[in-house]
Amino acid sequence: MKVFKNGNLMVVTDDRGIIDCEYEKAAGLYLEDTRFISRMILKSSHKLRRLHTDFSWDRIETHYLGRSKPGIPHYDIAVSECLRAEGNALQAELTVRSYSLEEVRISFEYDIICVFEDIFSVRKKNDSYNELESSRTLSSSPPRSFQYETDLERDTVENSLTSLSLEVRPGQIERVSGKLRLGKYVKKDVVFKKMLSERPVKDIAPIKKTSLLDERELGDLKMLMIPTVYGDFPGAGLPWFATVFGRDSLIFGLQTVDLLPEITRNILTVHTHLQSKEEDSQTEAQPGKIVHETRLNELSLAGRLPFERYYGSIDATLLFIMLSHRYYSQTNDWNFIRSIKNSIMAAAKWIDTYADLDNDGYIEFAPSGTGLSIQSWKDSADSVSFSDGRLAEPPLAPVEVQGYLYDAFNCLEKLMTLFEDGESAAVYALKAAALKENFNRDFWLESEDYFATALDKNKKPVDSITSNPGHCLMTGIVNEDRAKALVNRLFSEELYTGWGIRTLSSKMKRYNPFSYHNGSVWPHDNSLIMLGLIKYGFCEKARQLARDLLKVKDKHHDNRLPELFSGLSVSETSGKLIEYPTSCSPQLWSIGTVLVISKALDA
Numbered sequence: 003m004k005v006f007k008n009g010n011l012m013v014v015t016d017d018r019g020i021i022d023c024e025y026e027k028a029a030g031l032y033l034e035d036t037r038f039i040s041r042m043i044l045k046s047s048h049k050l051r052r053l054h055t056d057f058s059w060d061r062i063e064t065h066y067l068g069r070s071k072p073g074i075p076h077y078d079i080a081v082s083e084c085l086r087a088e089g090n091a092l093q094a095e096l097t098v099r100s101y102s103l104e105e106v107r108i109s110f111e112y113d114i115i116c117v118f119e120d121i122f123s124v125r126k127k128n129d130s131y132n133e134l135e136s137s138r139t140l141s142s143s144p145p146r147s148f149q150y151e152t153d154l155e156r157d158t159v160e161n162s163l164t165s166l167s168l169e170v171r172p173g174q175i176e177r178v179s180g181k182l183r184l185g186k187y188v189k190k191d192v193v194f195k196k197m198l199s200e201r202p203v204k205d206i207a208p209i210k211k212t213s214l215l216d217e218r219e220l221g222d223l224k225m226l227m228i229p230t231v232y233g234d235f236p237g238a239g240l241p242w243f244a245t246v247f248g249r250d251s252l253i254f255g256l257q258t259v260d261l262l263p264e265i266t267r268n269i270l271t272v273h274t275h276l277q278s279k280e281e282d283s284q285t286e287a288q289p290g291k292i293v294h295e296t297r298l299n300e301l302s303l304a305g306r307l308p309f310e311r312y313y314g315s316i317d318a319t320l321l322f323i324m325l326s327h328r329y330y331s332q333t334n335d336w337n338f339i340r341s342i343k344n345s346i347m348a349a350a351k352w353i354d355t356y357a358d359l360d361n362d363g364y365i366e367f368a369p370s371g372t373g374l375s376i377q378s379w380k381d382s383a384d385s386v387s388f389s390d391g392r393l394a395e396p397p398l399a400p401v402e403v404q405g406y407l408y409d410a411f412n413c414l415e416k417l418m419t420l421f422e423d424g425e426s427a428a429v430y431a432l433k434a435a436a437l438k439e440n441f442n443r444d445f446w447l448e449s450e451d452y453f454a455t456a457l458d459k460n461k462k463p464v465d466s467i468t469s470n471p472g473h474c475l476m477t478g479i480v481n482e483d484r485a486k487a488l489v490n491r492l493f494s495e496e497l498y499t500g501w502g503i504r505t506l507s508s509k510m511k512r513y514n515p516f517s518y519h520n521g522s523v524w525p526h527d528n529s530l531i532m533l534g535l536i537k538y539g540f541c542e543k544a545r546q547l548a549r550d551l552l553k554v555k556d557k558h559h560d561n562r563l564p565e566l567f568s569g570l571s572v573s574e575t576s577g578k579l580i581e582y583p584t585s586c587s588p589q590l591w592s593i594g595t596v597l598v599i600s601k602a603l604d605a
């Protein structure tokens, strides 16, 4: 599968660059969580031989050879087809060069199939999504305009690719072009939809400091960008997560705020406008809470899925506070921080009012809607288990989230001082100190010399050995006298593969190196651990981890750091990287990981 995108239009092809769902199930043209077109194949009056396709972040260019007349011994026509995403449109340009001794008349058309299909149906995440028709073929080779309409939305295709003919004189080059313009018009008041802009994305400001981010990753980052009226916002991953995700974008901000402050500002701005102002148990919304996910697919707009604006994330609000302060620390942009003060205060009030379900000083989650049952970063239903494989029951207090809470308290102390509220600043300083003391007592597993991955509904430590406690180093919540034991365990054979740190120890009952969260390796997970290693002075360990992740990038089939990969060790695979089959590529916080690797190598 290959993907290119610029703006809101995303195109998925097979590995050869062919847009046809017969060859690649996900192939097609997508806009705002809907597949509009599942086939777009070039047809010609002359038989053409396909040579190769060049891929870029916003376009593909395919090259062909043909004969001006049947039966002549040599190819004498060269054709190139450039498909370029731009805002909400796909531009198609055909270039013909003739080496014939006579004038060549050549015509083209596109075999296009329109299907207006929910992205969840395409992905088939689970059986409930199959209630939507798996394919809705509405037009083959549509006329100049076509639309599909329901009570909720109107989807349109405007087609100017219906007449593409050229007359090319000997030795000359001629071009012809047209476009497909897609449109989605939502008939209800949707905050996210009103934010979107139909323009192409803007260039990314040059990164001033030396980094490993090459032109490929910069292209990937531009591909992920979603144009909004508040600036370009980075989507989470392609092809399935080309939308706003709270945790993903905020962690990317933490990874890159020192190098990409303008993007960080856009991230914070968009989240202030999506921040909840009401309670809704179906969508897990609470006043002050930062959004987990936004969607414009048919199932979500109809309320059959809760993801139109979904808040089932226990950590995004904490990450928002952390990133707000880090942005100010890097930029001294007082005017911006003052402009989002109300959102920061609302996020702080959410912590005080809603986050601690039983007033024990820890943040827990207990799902109330039909969305995610696990609302921390490892959001698979089976990701929080005891060492013997039993699933922990909610309310759950994840270990890394308490670290984020500690960090957020410290950030709020500094922000309240900035806002000239000394009384509140003192309160948050006391809360941070108390949390650190209690955390190092309640989450520490004496028998394991390690931290529990969570506390369950009975406040029992969940004793599985995971990567999650590694995040706590970044936040500073780990007592100095326990940091070395934590780091030693992270780099032990049960967690360290030689490529990176596993999500779950190989000694645990639920360990599976091919699972999503129970034994795989996630680069972003490792990047947050790297930041913590640097913070606590374990710089050589940070460099070791950075070097090993670079090996992953070098061995990955498209030279990217993937979303995740198999947790099999280097020795188990004789040095062969085993990829995860449905990993997003490109993926936002894996791009951010490359920048963290740069910092670790310089540590």
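So the sequence shown is numbered by our numbering: it starts at 3 and just counts up by one. We put the CB at the ideal spot given by N, CA and C, even for glycine.
Cβ atoms of Val188 and Leu256 stay farther apart than 8 Å, at about 32 Å. Shown here for Leu215: same chain residues with a beta carbon closer than 7 Å to its own, the five before and five after excluded, namely Ile209, Val596, Leu597 in chain order.
Only residues of its own chain outside the window of five on either side were considered, and among them Glu160 have a CB closer than 6 Å to the CB of Ser147, listed in chain order. Take the alpha-carbon of Ser102 and the one of Gly173: they are about 7 Å apart. Considering only Val523, Glu496, Leu393, the residue with the shortest C-alpha distance to Lys459 is Leu393.
Apart from the 5 residues on each side of it in sequence, Asn442 sits with its Cβ closer than 6 Å to the Cβ of Asn481 in its chain, given in chain order. Taking C-beta separations shorter than 6 Å and ignoring five residues to either side along the sequence, the partners of Tyr330 in its chain run Ile339, following chain order. C-alpha of Lys509 to C-alpha of Glu496: approximately 6 Å in a straight line. Of the residues Asn412, Asn514, Thr584, Leu168, the one whose Cα lies closest to the Cα of Val106 is Leu168. Boundaries of the beta strand (DSSP E) around Ser147: 147 to 151.
A distance below 8 Å between beta-carbons, with the five flanking residues on each side excluded, links Ile269 to the following residues of its chain, in chain order: Phe235, Pro236, Ser251, Leu252, Phe254, Gly255, Leu325.
The DSSP-derived three-state label of Asn8 is strand. Relative to the Cα of Asp113, the nearest Cα in the group Ala427, Arg86, Ser165 belongs to Ser165. DSSP lists Glu111 as the beta-bridge partner residues of Lys45. CA-to-CA, the gap between Val246 and Tyr25 works out to about 29 Å.
Comparing alpha-carbon positions, the option among Asn561, Leu590, His76 lying closest to Glu581 turns out to be Asn561. DSSP places Pro471 within a helical segment (H, G or I) once states are collapsed to three. Going by beta carbons, Leu96 and Arg37 fall outside the 8 Å limit. With 16 or more other Cβ atoms from the protein chains shown falling within 10 Å of its own Cβ, Gln404 counts as buried. Residue environment analysis places Asn337 among the exposed positions, since fewer than 16 neighbouring C-beta atoms fall within 10 angstroms of its C-beta. Across the set Glu104, Gln93, Asp60, the C-alpha of Glu104 shows the shortest separation from the C-alpha of Lys71. Residue nearest to Phe243 within the set Lys279, Pro289, His294 is His294 (criterion: CA-CA distance). In the DSSP annotation of this structure, Thr333 is not part of any beta strand (DSSP E); the continuous alpha helix (DSSP H) holding it starts and ends at 318 to 333. Within the stretch 216 to 268, the runs of beta strand (DSSP E) that reach at least 3 residues and sit entirely inside it are, in chain order, 227 to 230, 233 to 236. Distance from the Cα of Ile503 is smallest, within the candidate group Ile479, Leu240, Leu535, Thr477, for Leu535. Rounded to whole angstroms, the separation of the alpha carbons of Trp352 and Thr285 is 16 Å.
If you draw a straight line from the Cα of Asp550 to the Cα of Gly577, it comes to about 11 Å.
Contact between the stretch 359 to 368 and the stretch 273 to 280 is absent: fewer than three C-beta pairs spanning the two stretches fall below 8 Å.
Shown here for Asp35: same chain residues with a beta carbon closer than 6 Å to its own, the five before and five after excluded, namely Ile121, Arg297, Leu298, Asn299 in chain order. In the three-state reduction of the DSSP assignment, Glu402 falls in the helix class. Spanning the alpha carbons of Lys49 and Tyr77 requires a straight line of approximately 11 Å. In this structure the stretch 384 to 400 does not touch the stretch 410 to 421; the number of beta carbon pairs closer than 8 Å is below three.
Going by C-alpha positions, Glu200 is about 11 Å away from Leu33. With at least 16 other beta carbons inside 10 angstroms of its own, Leu457 counts as buried.
Look at Val572 here: in three-state DSSP terms it is coil, with no helix or strand label.
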